[in-house]
Structures are given as C-alpha cells and as structure tokens.
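Asker: Here it is, the structure, as structure tokens.
There are 2 protein chains.
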Amino acid sequence: MVELEVPFEEFVNTLRELGKDKYHTNHPFHKLMIEGKLTPGQIRAWVINRFYYQRILPMKDAAIISNCPFIEVRRVWIKRIINHDSWGIEMWIRLGEAMGLEREQITQGYVLPSVKFAVDTYLNLCKSRSWIFGVATTLTELFAPQAIEERIVALKDKYPWIRSEGFEYFEWRLSEKGIREDLSGTLDILRKYANTLEARRECIKALSFKLDLLWSLLDAVYYEYVLKNDGKTPYD
Amino acid sequence: MVELEVPFEEFVNTLRELGKDKYHTNHPFHKLMIEGKLTPGQIRAWVINRFYYQRILPMKDAAIISNCPFIEVRRVWIKRIINHDSWGIEMWIRLGEAMGLEREQITQGYVLPSVKFAVDTYLNLCKSRSWIFGVATTLTELFAPQAIEERIVALKDKYPWIRSEGFEYFEWRLSEKGIREDLSGTLDILRKYANTLEARRECIKALSFKLDLLWSLLDAVYYEYVLKNDGKTPYD
Chain L
1 MVELEVPFEE FVNTLRELGK DKYHTNHPFH KLMIEGKLTP GQIRAWVINR FYYQRILPMK
61 DAAIISNCPF IEVRRVWIKR IINHDSWGIE MWIRLGEAMG LEREQITQGY VLPSVKFAVD
121 TYLNLCKSRS WIFGVATTLT ELFAPQAIEE RIVALKDKYP WIRSEGFEYF EWRLSEKGIR
181 EDLSGTLDIL RKYANTLEAR RECIKALSFK LDLLWSLLDA VYYEYVLKND GKTPYD
Chain Y
237 MVELEVPFEE FVNTLRELGK DKYHTNHPFH KLMIEGKLTP GQIRAWVINR FYYQRILPMK
297 DAAIISNCPF IEVRRVWIKR IINHDSWGIE MWIRLGEAMG LEREQITQGY VLPSVKFAVD
357 TYLNLCKSRS WIFGVATTLT ELFAPQAIEE RIVALKDKYP WIRSEGFEYF EWRLSEKGIR
417 EDLSGTLDIL RKYANTLEAR RECIKALSFK LDLLWSLLDA VYYEYVLKND GKTPYD
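Here it is in structure tokens:
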C-alpha cells in the first residue's frame with residue numbers, strides 16, 4: 001500500500017465534488033418539498049419510507065464496529081449507536097406523529113420494496129466490506145446540514161399543518177452534538193486511517209454508494225406517490 | 237414455530253447441566269493453575285493467548301447488535317461494548333503487566349494458531365448466525381463467577397510474584413456491575429425472545445460452542461506450554 005501525497009484536506013475536497021450533483025438535495029422530490037408543493041400524503045409517505053432507513057442506522061453502525069479492530073475508533077463510533085437507540089429513532093417516530101400518523105403506521109407501515117432493497121444493501125455492505133468503507137458512507141454528512149436546514153425551514157413555513165414538536169430530530173441533527181460532532185469524528189478517523197490509495201478508493205466508493213442510496217430512496221417515493229395516480233397516496 | 241411449555245427457569249437448568257462437565261474449570265490447565273503448579277512463564281502464556289479472546293469481545297458484541305432489530309435488546313447489549321472498550325481490555329493488559337510482561341508482549345505477542353482459529357470462529361459466528369445465538373454464547377456466565385473466584389484466590393495465594401494491582405479485571409467481573417449484571421440482562425432477553433423450540437435449540441448450540449471454545453483455548457496453551465518442551469516457555 002502506498003502512502004499518499006495528496007493532503008487529506010484536498011482529498012476531502014474531491015469528496016465534496018462528488019456530492020455536488022449527486023446529493024439528494026438535487027432530487028425533484030426534495031425540490032418539491034422545499035417549494036411547498038407536496039401534499040400531506042406525500043410528505044407522510046416520505047417519513048414512513050425513510051423510517052426504514054432510520055431504523056437500521058444503529059445496526060449498520062454496530063456492523064462497522066464489529067469489523068473494526070481499533071479501540072479508539074470504536075470509542076468514537078459507538079456514540080452513533082447510543083444516539084439513535086436513545087432518542088434518534090424515537091424522534092423520527094415523533095416527526096411522523098406530528099404529521100398526524102399513528103405510531104404503528106410509521107413503525108410497521110408499508111415500505112416500498114426498492115426502499116427496502118436499498119437499505120438492506122446498506123446494512124449488508126457495512127457487514128461485509130471494510131470498516132473504512134462503513135465509516136466513509138457517513139460522509140454524506142458533508143452535505144447534510146444544508147439539506148436539513150432547507151428541509152426544516154420549508155416544513156415549518158410551507159406545511160403549517162405539521163405540529164412543531166415534530167422537528168426535534170432535525171434540530172438535534174443541526175445542533176453541536178449532531179451532524180457537526182459526528183462528521184468531525186469521521187474526518188479525524190479517516191485522516192489517520194485512510195492514508196493509503198486503497199483506503200481512499202474505498203472512501204470514494206462508499207460515498208458514491210451512499211449518494212445513490214439516498215437518491216434512490218427519494219426516487220422510490222417520487223415515482224410511487226408523486227408521478228403515479230395523479231399524486232394520490234394512502235396517507236392523504 | 238412452537239410456543240414452549242417448559243418454563244424458562246427449567247430450560248436454564250438444562251443449560252446449567254451442559255456446563256457441569258464441559259466448562260473449562262474442569263480443564264487440567266485450570267486445575268494446575270488453582271493448585272499453584274504453573275510456572276510464571278505458563279501463566280504469562282495463558283494471559284497473552286487469552287488476550288486474543290478479550291480483544292475481540294467488543295467486536296462480537298457489536299456483531300450481535302448489528303443483527304438485532306430490537307431496540308430494547310440493543311440498549312442492554314451495548315453496555316458490554318462500552319465496558320470492554322472503556323476499561324475491560326485495558327484491565328486485561330494490566331493483569332499481564334502485573335505479571336512482568338511488557339504491554340507490547342500482550343497486545344502484539346505471539347498467539348497460538350488454534351487460539352486464533354477458535355476466537356475468529358466466535359466472531360464469525362456472531363456475525364453470520366442469529367442474534368439469539370450470539371446472546372446465548374454468553375451463557376457461560378452462568379458458570380463464570382465460580383471460575384473467577386477460584387482463579388483470583390489461587391493467583392493471589394500461590395503466585396505471590398504477581399503484583400496485586402493486576403487483579404482489577406477479575407474484581408470488576410465479580411462485582412455487582414460485572415458478570416451478575418450482564419447475566420441478568422441476558423436471561424431477561426432470552427426469557428422474552430427465546431420462547432420457541434427453534435430459539436431454544438439455538439441457545440443450546442450457542443452454549444455448547446462457547447464451552448468448546450473456552451476449553452480449546454486452554455487446550456492450546458496446555459499442549460504448547462505444559463506438555464511440550466518439559467513445560468519451558470518463552471516467557472519464563
């Protein structure tokens with residue numbers, strides 16, 4: 001394995017470039033959301049399907065830890081499991097409830113097959129590939145704060161029927177203890193351990209995969225609940 | 237799957253029977269240890285080889301969590317990762333240091349191949365089999381307090397060259413927050429989730445495997461460092 005001459009911060013710029021077009025803020029469903037053009041049923045469909053993603057997060061983080069022989073990395077990474085299992089998952093359920101959904105509609109509702117396949121693939125990749133790959137999939141957090149800010153402003157402004165206690169999840173993710181802390185931990189880890197060409201290629205593959213995953217979640221909801229049936233949903 | 241008529245506490249008695257002969261307190265190496273008949277080199281060889289087992293514990297616990305869709309189970313199980321990564325692994329290193337080993341001899345020393353194979357198999361099984369299997373492998377904790385008590389008494393009494401600050405690991409395992417708390421969490425989980433014939437068979441397989449694993453760790457050390465070369469070791 002070759003030590004790299006490209007400084008880490010330059011490498012991060014390459015990663016940022018990757019997300020410029022492919023991050024899901026460019027997706028038509030996200031654009032409709034921030035323009036206030038989605039129906040209540042469409043927003044609810046998004047929350048229900050995205051929950052399938054939210055609920056596996058602690059399991060994929062545990063998969064990363066199960067592959068990682070470095071105690072100092074595991075000590076950082078475990079916070080993600082604790083956060084999601086202590087309140088993150090619960091807060092997403094409350095977001096759905098603030099939109100008038102029943103708890104069971106969120107936790108046991110119908111999930112589009114392509115959402116399941118994409119999310120299950122994510123968990124399987126974190127189990128079967130290197131821990132560096134798993135860690136690097138979270139690099140979409142480079143772009144997440146802007147996405148969440150756009151989302152929270154739009155949801156509050158343009159969808160006044162959503163009760164305000166629903167926004168705790170996004171508020172947590174935007175706080176100091178949220179994405180910022182998570183991302184800074186990830187960058188510290190990759191600065192130290194992704195110092196070979198092979199490891200950096202792994203990071204690029206991981207980020208590309210994750211961008212595709214988030215995009216395809218929106219695709220699934222967009223095709224099924226916006227393009228089909230004149231945008232009617234079972235949650236209207 | 238069939239609901240079981242055998243009450244859980246009776247099932248636990250079946251599990252206890254399993255360990256009666258097969259738990260590693262019956263192993264000749266353990267017996268030599270408590271009789272004070274091991275040389276310093278033989279005890280050190282045990283600590284070094286056993287470290288290979290200690291060091292993967294948080295990874296196997298993460299593997300169990302990565303397979304477990306139940307948030308209430310994950311919330312209990314994560315404590316094991318935190319305990320080992322916060323101090324458990326470090327305390328085992330200190331045990332070795334209290335026996336006069338250098339830190340690197342413990343963390344990077346030679347490990348017998350059959351110890352590696354056994355321990356790597358443990359991690360792989362926790363990744364590839366059901367989370368119930370993984371949880372049930374810890375049922376050797378049914379027998380562990382007695383083993384550790386015997387060990388700590390013997391090590392203090394019969395091996396006075398071991399410095400006393402080395403025993404923190406065993407003292408932690410014997411405390412309220414140690415094995416007792418871990419085991420009671422495991423039994424609560426299995427009482428609730430291992431309520432089918434299939435799940436209970438999984439528990440029996442898991443415990444049998446784990447008994448074999450612990451036994452084979454002692455076999456490896458016993459063959460190499462007691463039976464061979466008149467009991468001479470590189471750590472004398």
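Chains L and Y, in that order, are what the protein sequence lines are. At position 150 of the first sequence (counting the first as 1) the number is 150 in this note's numbering, and the numbers step up by one without a gap. At position 34 of the second sequence (counting the first as 1) the number is 270 in this note's numbering, and the numbers step up by one without a gap. Note that the Cβ used here is the ideal one computed from N, Cα and C, for glycine as well.
Extract the residue ranges of the beta strand (DSSP E) inside the region 150-175 of chain L, only unbroken runs of 3 or more that lie entirely within it.
Answerer: Entirely contained in the region 150-175 of chain L, not one beta strand (DSSP E) run reaches 3 residues.
Asker: Taking 8 Å as the threshold (beta carbon to beta carbon), is residue 440/Y in contact with chain L?
Answerer: For residue 440/Y, the answer is no, since every Cβ of chain L falls outside 8 Å of its Cβ.
Asker: I'd like to check one pair, residue 41/L with residue 211/L: are the Cβ atoms closer than 8 Å?
Answerer: The answer is no: Cβ separation not under 8 Å.
Asker: Curious, which full-length alpha helix (DSSP H) runs of at least 4 residues does the region 38-104 of chain L contain?
Answerer: For the region 38-104 of chain L, whole alpha helix (DSSP H) runs of length 4 or above, ordered along the chain, are 40-66, 71-83 and 89-98.
Asker: Can you tell which of 56/L, 38/L and 101/L has its C-alpha closest to the C-alpha of residue 163/L?
Answerer: Among 56/L, 38/L and 101/L, the Cα nearest to that of residue 163/L is on 101/L.
Asker: Whole angstroms is fine: what's the gap from residue 237/L's alpha carbon to residue 106/L's?
Answerer: Nothing can be reported for residue 237/L: it is not among the residues displayed for chain L, which extend from 1 to 236.
Asker: Below 8 Å, how does it come out for the region 219-229 of chain L and the region 51-60 of chain L: are there three or more Cβ pairs, yes or no?
Answerer: Verdict: no, contact absent.
Asker: Report the rounded CA-to-CA distance for residue 404/Y versus residue 327/Y, giving the unit in angstroms.
Answerer: The straight-line gap from Cα to Cα measures roughly 6 Å.
Asker: Tell me the DSSP secondary structure of residue 109/L in three-state form.
Answerer: Of the three classes helix, strand and coil, the one that applies to residue 109/L here is coil, per DSSP.
Asker: At a CB-CB cut-off below 9 Å, which residues of chain L make contact with residue 372/Y?
Answerer: By Cβ distance, chain L contributes nothing, its closest Cβ being about 17 Å from residue 372/Y, past 9 Å.
Asker: Just to confirm my understanding: we take residue 348/Y, look at its own chain, exclude 5 residues before and 5 after, and list those with CB closer than 8 Å. What are they?
Answerer: Closer than 8 Å at the Cβ level, and outside the excluded window around residue 348/Y, lie 285, 456, 457 and 460.
Asker: Go to residue 32/L, then tell me how far its alpha helix (DSSP H) extends in each direction, as first and last residue.
Answerer: From DSSP, the alpha helix (DSSP H) with residue 32/L extends over 28-34.
Asker: Buried or exposed for residue 250/Y, going by 16 or more other Cβ atoms inside 10 Å?
Answerer: Classification of residue 250/Y: exposed, given that the 10 Å Cβ count is below 16.
Asker: Are the Cβ atoms of residue 387/Y and residue 269/Y separated by less than 8 Å?
Answerer: Closer than 8 Å, so yes.
Asker: Taking 7 Å as the cut-off, is the beta-carbon of residue 289/Y closer than that to any non-hydrogen atom of the ligand NAP?
Answerer: As for the ligand NAP, it is missing from this structure, which has no ligand bound.
Asker: To the nearest angstrom, how far is it from the Cα of residue 1/L to the Cα of residue 266/Y?
Answerer: Model confidence at residue 1/L stands at a pLDDT of 44, short of 50, so the residue's coordinates are unreliable and nothing is read from them.
Asker: Between 466/Y, 384/Y, 362/Y and 471/Y, which lies nearest to residue 303/Y when the distance is taken from Cα to Cα?
Answerer: Of the candidates 466/Y, 384/Y, 362/Y and 471/Y, the one whose C-alpha sits nearest the C-alpha of residue 303/Y is 362/Y.
Asker: Which residues in chain L sit within 8 Å of residue 321/Y, going by Cβ to Cβ distance?
Answerer: The contacting residues are 71, 74, 75 and 78.
Asker: Rounded to the nearest angstrom, how far is the Cβ of residue 77/L from that of residue 65/L, given a contact under 8 Å?
Answerer: The pair is a contact, with the Cβ atoms about 6 Å apart (cut-off 8 Å).
Asker: What span of residues does the alpha helix (DSSP H) with residue 17/L cover, start to end?
Answerer: Here the alpha helix (DSSP H) through residue 17/L covers 8-22.
Asker: Three-state secondary structure (DSSP) at residue 129/L?
Answerer: If DSSP states are grouped into helix, strand and coil, residue 129/L belongs with coil.
Asker: So which residues on chain L does residue 317/Y lean against when the C-beta distance must stay under 9 Å?
Answerer: Those are 62, 65, 74, 78 and 81, listed as they occur along chain L.
Asker: Beta carbons nearer than 9 Å to chain L: which residues of the region 280-299 of chain Y have them?
Answerer: Those residues of the region 280-299 of chain Y that come within reach of chain L (Cβ to Cβ, closer than 9 Å) are 291, 292, 294, 295, 296, 297, 298 and 299.
Asker: Could you check what DSSP says for residue 464/Y in three-state terms: helix, strand or coil?
Answerer: Helix.
Asker: Please classify residue 473/Y: is it buried, with 16 or more other beta-carbons within 10 angstroms of its beta-carbon, or exposed?
Answerer: Residue 473/Y lies beyond the stretch modelled for chain Y, which goes from 237 to 472, so this question has no answer here.
Asker: Helix, strand or coil for residue 472/Y, going by three-state DSSP, please let me know.
Answerer: Residue state, collapsed to three classes: coil.
Asker: Residue 98/L: which of 147/L, 229/L and 156/L sits nearest, CA to CA?
Answerer: Per the Cα distances, 156/L.
Asker: Counting only beta-carbon separations shorter than 8 Å, does residue 34/L have a partner in chain Y?
Answerer: It does not: the Cβ of residue 34/L has no partner Cβ on chain Y nearer than 8 Å.
Asker: Consult DSSP for residue 143/L and reduce its assignment to one of helix, strand or coil.
Answerer: Coil, per DSSP.
Asker: For residue 203/L, which residues from the same chain have a beta carbon less than 6 Å from its beta carbon, with the 5 sequence-adjacent residues on both sides left out?
Answerer: Within the same chain, residue 203/L has close Cβ partners 136 and 194.
Asker: What does residue 148/L reach in chain Y if we use C-beta pairs closer than 8 Å?
Answerer: Near residue 148/L there are no residues of chain Y at all, since even the closest Cβ is about 23 Å away, more than 8 Å.
Asker: Output needed for residue 131/L: all residues of its chain with C-beta closer than 6 Å, excluding positions within five of it in sequence on either side, in chain order.
Answerer: 64, 67 and 68.
Asker: Which residues in the same chain have their Cβ closer than 7 Å to the Cβ of residue 325/Y, if we skip the five residues on either side of it in sequence?
Answerer: Correct list, in chain order: 290 and 291.
Asker: One question on the structure: do residue 59/L and residue 139/L come within less than 8 Å of each other, judged by their Cβ atoms?
Answerer: For residue 59/L and residue 139/L, no; Cβs fall outside 8 Å.
Asker: For a test of the three-state rule: what should DSSP assign to residue 449/Y, helix, strand or coil?
Answerer: Of the three classes helix, strand and coil, the one that applies to residue 449/Y here is helix, per DSSP.
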